[in-house]
Amino acid sequence: MHDKTSRTFLKTISWRVVATMTTMTIVFSFTKELSLSFGIGAIEVFSKMLLYYFHERVWNKVSWGRGLVPSSVISENTNNSDHN
């Protein structure tokens, strides 16, 4: 089963919040400069969000490492697809 584009987008945003806060904390711990921390965070959040989104979409097309989905799950998801 593939993730919907909207799911990938929300995962992208939630991960970027965590990762950017981490980067800003690391920059601040080394430099003690709040403006530099926010500046680097601002650049990083947009560039890496875009890269992560495309990275997820490419991996969504790769079948390596995925198990087979039982046919009962496939038919259940097909029947419920109108509700998503």
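Start counting the sequence shown at 1305; every next residue gets the next number (the working numbering). Every residue gets a Cβ at the ideal spot worked out from N, C-alpha and C, and that includes glycine. Note that the structure is predicted; figures quoted are calculated from it, not measured.
- Going by DSSP, Leu1354 is part of the alpha helix (DSSP H) stretching over 1338-1364.
- Segment contact: the segment 1356-1371 against the segment 1327-1344, fewer than three CB-CB distances shorter than 8 Å; contact not assigned.
- In this chain, the alpha helix (DSSP H) harbouring Ser1318 covers 1309-1335.
- Arg1311 and Arg1361 have their C-alpha atoms spaced approximately 11 Å apart.
- With a cutoff of 8 Å on beta-carbon distance, Met1328 and Ile1344 are scored as near each other.
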